[in-house]
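Working notes, beginning with the structure itself.
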Amino acid sequence: MERIEEFVDDRQKSWCIHCTRSLAELDTTEDHVPTKGFLIKPRPHNLPVVTICRDCNNGFSRDEQYAVTALSCVLAGSTDPEKQLNASAARALAESVALRAMIDRSKHEYQTTGGEMRIVWRPDMGRIKRVVLKNARGHAYFEYGEPMMSDPTHVWAQPFEDMTEAERMEFESLDEAGDLGVWPEVGSRMMARIASGLDMEGAGLDMEGGWVVVQEGTYRYSVSQLGGLRIRSVLWEYLATEVQWEN
Numbered sequence: 001m002e003r004i005e006e007f008v009d010d011r012q013k014s015w016c017i018h019c020t021r022s023l024a025e026l027d028t029t030e031d032h033v034p035t036k037g038f039l040i041k042p043r044p045h046n047l048p049v050v051t052i053c054r055d056c057n058n059g060f061s062r063d064e065q066y067a068v069t070a071l072s073c074v075l076a077g078s079t080d081p082e083k084q085l086n087a088s089a090a091r092a093l094a095e096s097v098a099l100r101a102m103i104d105r106s107k108h109e110y111q112t113t114g115g116e117m118r119i120v121w122r123p124d125m126g127r128i129k130r131v132v133l134k135n136a137r138g139h140a141y142f143e144y145g146e147p148m149m150s151d152p153t154h155v156w157a158q159p160f161e162d163m164t165e166a167e168r169m170e171f172e173s174l175d176e177a178g179d180l181g182v183w184p185e186v187g188s189r190m191m192a193r194i195a196s197g198l199d200m201e202g203a204g205l206d207m208e209g210g211w212v213v214v215q216e217g218t219y220r221y222s223v224s225q226l227g228g229l230r231i232r233s234v235l236w237e238y239l240a241t242e243v244q245w246e247n
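What follows is the structure, given as structure tokens:
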């Protein structure tokens, strides 16, 4: 990814975006957004990072491990470590019998009327949505310089295969740079992305069709301010997510 500097008011950087406490009084760390475990090695350079408190960073680690591993198992159709395409998931399954058993319990097999065996997964969506919200707050902060410390209106996640064609088209049809109702703040990274696209008559730095592409086929996200702040992401071209804060 391209390295993009931002010049957002430093007063916007005073708090942890998750617990709202003053960072000046806390032990801090750099947090990757998106969760680094979602990405395939070799990972891109210059991944987005935000400064948060160490307590929050540590507090997310188990949910992040679960989300990464559960999603990998769904795509692999198995909890076998050797069948995972994601190295982080394979390692987690190999090292934790309890985690593997937990994810195994979310796997259900049934037989169709035609006699075909199929698999349905019912992972813990509460844990997955906590990770989706964690990353959404990070995307808003990284791209817009907006610390979204209030509760969102909704947090949603659904596999593409469970969406209708119309729902998929609506989800994918983002606002293009020239059609933005509200432009990002001058000095924000998203403004720099859009401006670079206008200068180059292209989509913008690391952007494709309104999406910031972190790793092709693995993770992309969008941030818009129409009707409030809305963060959408797509994980492994399988799971669609949306977090919305209304004005």
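Numbering (full-length UniProt numbering), first residue to last: 1 to 247.
Each residue gets a CB set at the ideal place from its N, CA and C atoms; glycine is no exception.
As the structure is a computational prediction, the values presented were derived from the model and not from experiment.
Query - CA-to-CA distance, Pro123 to Trp156, given in whole angstroms - result: 14 Å
Query raised in the report: On the premise that Thr35 lies in contact with Arg54, defined as a C-beta separation below 8 Å, what is that separation, rounded to the nearest angstrom?
Result: Between Thr35 and Arg54 the Cβ distance is about 16 Å, and since that is not below 8 Å, they are no contact.
Query raised in the report: When DSSP labels each residue in this structure, what does Val33 get in the three-state scheme?
Result: DSSP places Val33 outside both helix and strand once states are collapsed to three, so it counts as coil.
Report task. Would you identify the three-state DSSP class for Ala19, choosing helix, strand or coil? Result -> Per the sequence shown, the amino acid found at residue 19 is Cys instead of Ala. DSSP places Cys19 in coil when its eight states are reduced to three.
Query raised in the report: How would you write the range of the beta strand (DSSP E) that Gln215 sits in, first residue to last?
Result: Looking at the DSSP string, the run of the beta strand (DSSP E) that includes Gln215 is 211 to 215.
Query raised in the report: For Val212, is the beta carbon positioned less than 7 Å from some heavy atom of the ligand PLP?
Result: In the structure on display, the ligand PLP does not appear, and there are no ligands present to speak of.
**Report entry** Sub-8 Å separation of Val50 and Val68 beta-carbons
**Finding:** no
Query - Secondary structure of Ile40, DSSP reduced to three states - result: coil
Query raised in the report: How should Gly145 be labelled, buried or exposed, when 16 other C-beta atoms within 10 angstroms of its C-beta is the threshold for buried?
Result: buried
Query raised in the report: In whole angstroms, what is the alpha-carbon distance linking Leu174 and Tyr141?
Result: 20 Å
Requested in this report: Output the boundary residues of the beta strand (DSSP E) element that contains Ala157.
Outcome: Note, Ala157: beta strand (DSSP E), 154 to 159.
**Report entry** Same chain only: Cβ atoms within 7 Å of Ala92, ignoring 5 sequence neighbours per side
**Finding:** Gln65, Thr69, Leu99
**Report entry** Of the residues Asp80, Met190, Gly209, the one placed nearest Pro48, counting alpha carbons only
**Finding:** Met190
Query raised in the report: Does DSSP put Arg118 in a helix, in a strand, or in coil?
Result: strand
Requested in this report: Helix, strand or coil for Glu242, going by three-state DSSP, please let me know.
Outcome: strand
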